[in-house]
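Everything on this sheet refers to the single structure shown next.
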Amino acid sequence: MSIRDWPIKRKLTAILLLISGLVLVLTSVAFVTYEVVTFRQTIQTHLATRSRILAANSTAALAFANEADATEILAALRYDPHTVAGALYDRNGRVLATYPARAAADLIPGAPEPDGYRFEGGRLVAFTPVAQGANQRLGTLYIASDTKAVSDAIRLSGIIAIVVLAIALLAAYALAAALQGRISAPILALAETATAASTRQDYSLRAPKFGEDELGTLTDAFNQMLGRIEDQKQELQQHATRLEQRVADRTKELEHRNEALRRNAAELLAANNELDAFAYSVSHDLRAPLRSIDGFSQVLLEDYATQLGDGGRDSLQRVRAASQRMATLIDDLLKLARVTRAEMRTEPVDLSAMARDIVVDIQRAAPDRPVEFAITPGLEAQGDSRLLRVVLDNLLRNGWKYSSKRPQARVEFNALEENGERVFVVKDNGAGFDMRYADKLFGVFQRLHSAAEFEGTGVGLATVRRIIDRHGGRIWAEGVVDQGATFYFTL
Amino acid sequence: MALLKAAFTVLTSALLLVQTPRASEYQVKAVFLFNFAQFVEWPAVAAPDPQMPVIIGILGEDPLGTFLDETVRGERLGLRPFEIRRYRELTDITACNILFISRSESERVAEILAALGKRPILTVSDGDDFAKRGGMIQFVNDKNRIRLRINLEAAQAANVTISSKLLRVAEIVRTPRP
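Sequences listed follow chains C and V, in order. Each number in my numbering comes from the position in the first sequence (counting from 1) with 3 added on. Each number in my numbering comes from the position in the second sequence (counting from 1) with 18 added on.
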């Protein structure tokens, strides 16, 4: 677990321990250092004092080269267990006496070294001048003391330091463990309350307050926040209830309206059906008198041609033409009505094959017009084949018809993909139209050209549009005057 | 040039010193005579002026040669310089602190000591039984070493104080009572 994730209790204890530990270690180091330095100074001072006393005592022995006396004086060194060796040099630097009396050669330097005290190779050595009074120097006293006393002192103060450190750290740990609660307890209480509030969504909880310090302020602020959340939650619930009521009201209202609409639609449908039925019966019923008018006009023309004269014949010819045109119109209207009423049967249809059939029909009817038809093979669609034939028949025949004034007339049938949707295209290079009237193309009886210019009833494209609508598709057209027209449809 | 010569002399004499570890008998005696001054106190009347020289006198034939002069050269006892005087006759001795009586005067020791009386002069000699005969310090040759024999009573009688340190390295003798 990384330190960052430690519980606050442990962090606080660790920080307190770390700080007190650091302080204690530094203090202990200072203590030991002080002890060692002081002790070294002390034993140096002791050695200096001892050396001076011995030097003062050994003046006569040196002055009068009395080896026995010098040896006896040095022998007093045996009372100091730390003294390793000693020697007296005369003024010429020759050894007069040594301690121990028969000292090993390596214990005694061959000649006196400069006066002073120094730690050398684990020993404290002292070279002290020997002089009587303030007078001329008589010789040099050498004393070497081992530093075991120093290392003993270091060990002792080290042990003391470690024991004190251990006890102090234990005490610091106990105090830290006891006192960290003053800080961690309010935080833990806060954390517990916060967790409980967020997991149980219970905002009526309040964190206990331990004092007036910053944590107390935090607790107050937290409790206030909880209170505000509680209020807002209640307010939100009220709002939600009100909203639900309103939604229910609106839904009911909408249901009423839907009901009304449905009724309207049904009424409209009924009226429409009635209208269709009416149109159908009217058209149907109109055909009989029309046939009579045409038939009797023909009889008149054949049987009474001579009595009628040129003017009469011409008038009757016009009557006949008009009645025939009216018959065509009625046929078209009946077709339109049938398209609306006919039942749909959806199946796969080969539009390319269907187009070729239609073209054959067109060319048989007018073999003397050289129109080039370009039909892309393999175009298929789902739909009612009878109705789709009406669509293709109308569009191809329109292309053929409106390109009649072109010497190189051309009609194409193909398809393209637009936004992942298949769009069928019928294109001609005929008279075209003005795009301003594009929306009028598909209205019943709406014509952009006069019957004299191009014959027609103005029902064909309306029929086409109704069929496309019934298939759930769209149809639109683009054109430029004298540049041709293009019809697009989807199914 | 003179300095260089002096340095050379010091160097050769130092070398000589190293080469002859045992100083000659009289060389040692000369040093001892000089050292006595540091372990002996004379009554204040003997040196009213603190800068008065310490006078070491030699009575009779001088066996020390230049050793004593070399030893005391440039030395001082406190503020007092050292001075060597050589006496032919007893009457020559005026102001003197340490008097070395040569062996040549052995026959006359009693006479000389009697003449000096209670004057505060440290008497030293290497003559036989000098201390027993009333002299203060006697050099005794002992197995190539020079030992000291001191007649403390004689010194006390002359009001000359000998340091206990000096006494410690010496043999104390008395003048035999007749």
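Heads up, the beta-carbon is just placed ideally off N, CA and C, and yes, glycines get one too. Source: prediction; values computed, not measured.
Ile163 (chain C) - DSSP class collapsed to helix/strand/coil = helix
Top-ranked residue by Cα proximity to Gly214 (chain C), from C:Leu239, C:Gly184, C:Gly459, C:Ala107 = C:Gly184
Roughly how many angstroms lie between the CA atoms of Asn53 (chain V) and Gly113 (chain C), to the nearest whole one?
-> 25 Å
Min CB distance Arg186 (chain V) to chain C below 8 Å = yes
Is it the case that the Cβ atoms of Ser120 (chain V) and Pro81 (chain V) are separated by a distance below 8 Å?
-> yes
Under the assumption that Cys76 (chain V) contacts Phe50 (chain V) (Cβ atoms under 8 Å), give the Cβ distance between them as a whole number of angstroms.
-> It should be pointed out that residue 76 (chain V) corresponds to Ile in this sequence rather than to Cys. Going by Cβ atoms, the distance from Ile76 (chain V) to Phe50 (chain V) rounds to 14 Å, so no, they are not a contact pair.
Can a CB atom of chain C be found closer than 8 Å to the CB of Asn53 (chain V)?
-> yes
Residue-level contact to chain C via CB, Ile190 (chain V), 8 Å cutoff | no
Report, in whole angstroms, the separation of the C-beta atoms of Gly433 (chain C) and Arg409 (chain C), which I expect to be a contact under 8 Å.
-> 6 Å
Listed by chain order, chain C residues near Gln174 (chain V) by CB distance under 8 Å = Those within 8 Å of Gln174 (chain V) in chain C number zero; the least Cβ separation is about 19 Å.
Quick one: any contact between the segment 205–212 of chain C and the segment 224–235 of chain C, if contact means 3 or more CB pairs under 8 Å?
-> yes
In angstroms with no decimal places, state the Cα-to-Cα distance between Ala66 (chain C) and Ala152 (chain C).
-> 34 Å
What do you reckon, are the CB atoms on Val87 (chain C) and Ala164 (chain C) nearer than 8 Å?
-> no
Cβ shell of Val98 (chain C) (< 7 Å), same chain only, five flanking positions each side left out | Ala90, Tyr92, Ile111
Selection of the segment 52–66 of chain C by Cβ proximity to chain V, strictly under 8 Å = Asn60, Thr62, Ala63, Ala64, Ala66
Taking buried to mean at least 16 other C-beta atoms within 10 Å of its own C-beta, is Phe448 (chain C) buried or exposed?
-> exposed
What distance in whole Å lies between the Cβ atoms of Ala282 (chain C) and Leu336 (chain C), which are believed to be in contact at a cut-off of 8 Å?
-> 6 Å
Along the alpha helix (DSSP H) that carries Phe34 (chain C), what are the first and last residues, could you check?
-> 11–60
Given that a residue counts as buried once 16 or more other Cβ atoms are within 10 Å of its Cβ, and exposed if not, what is Ala269 (chain C)?
-> exposed
Going along chain C in order, which residues have a C-beta closer than 8 Å to the C-beta of Phe118 (chain V)?
-> Going along chain C, no residue has its Cβ under 8 Å from Phe118 (chain V), so there is no contact; the nearest lies around 15 Å.
Out of C:Ser388, C:Leu399, C:Ser326, C:Asp364, state which residue places its alpha-carbon closest to the alpha-carbon of Gly463 (chain C).
-> C:Leu399
Which residues mark the beginning and the end of the beta strand (DSSP E) in which Phe148 (chain V) is found?
-> That residue, Phe148 (chain V), is in no beta strand (DSSP E); it is neither H nor E in DSSP.
For Asp437 (chain C), the residue or residues it bridges with in DSSP = Answer by DSSP bridge pairing: none, since Asp437 (chain C) is not bridged.
Around the C-beta of Leu246 (chain C), are 16 or more other C-beta atoms found within 10 angstroms, so that it is buried, or is it exposed?
-> exposed
List the DSSP bridge partners of Ile170 (chain C).
-> DSSP, once it has assigned bridges, lists no residue as partnering Ile170 (chain C).
By the 10 Å Cβ neighbour count, where 16 or more other Cβ atoms means buried, how is Trp9 (chain C) classified, buried or exposed?
-> exposed
Quick one: any contact between the segment 413–424 of chain C and the segment 375–389 of chain C, if contact means 3 or more CB pairs under 8 Å?
-> yes
Supposed close pair Lys150 (chain V), Thr193 (chain V) - CB separation, criterion 8 Å | 6 Å
Mapping DSSP to helix, strand and coil, what is Ala114 (chain C)?
-> coil
Rounded to a whole number of angstroms, what is the C-alpha to C-alpha distance between Leu311 (chain C) and Gln327 (chain C)?
-> 21 Å
List the endpoints of the continuous alpha helix (DSSP H) containing Ile296 (chain C).
-> 217–306
Residue(s) in a DSSP beta bridge with Leu166 (chain V) | V:Phe157, V:Ala188
Three-state secondary structure assigned by DSSP to Ala106 (chain C) | coil
Whole runs of the beta strand (DSSP E) within the segment 364–392 of chain C, excluding any shorter than 3 residues = 375–378, 383–386
Tell me, please, whether the CB atom of Gln135 (chain C) is closer than 8 Å to any CB atom in chain V?
-> yes
Short CB-CB distance (under 8 Å) between Ala114 (chain C) and chain V | no
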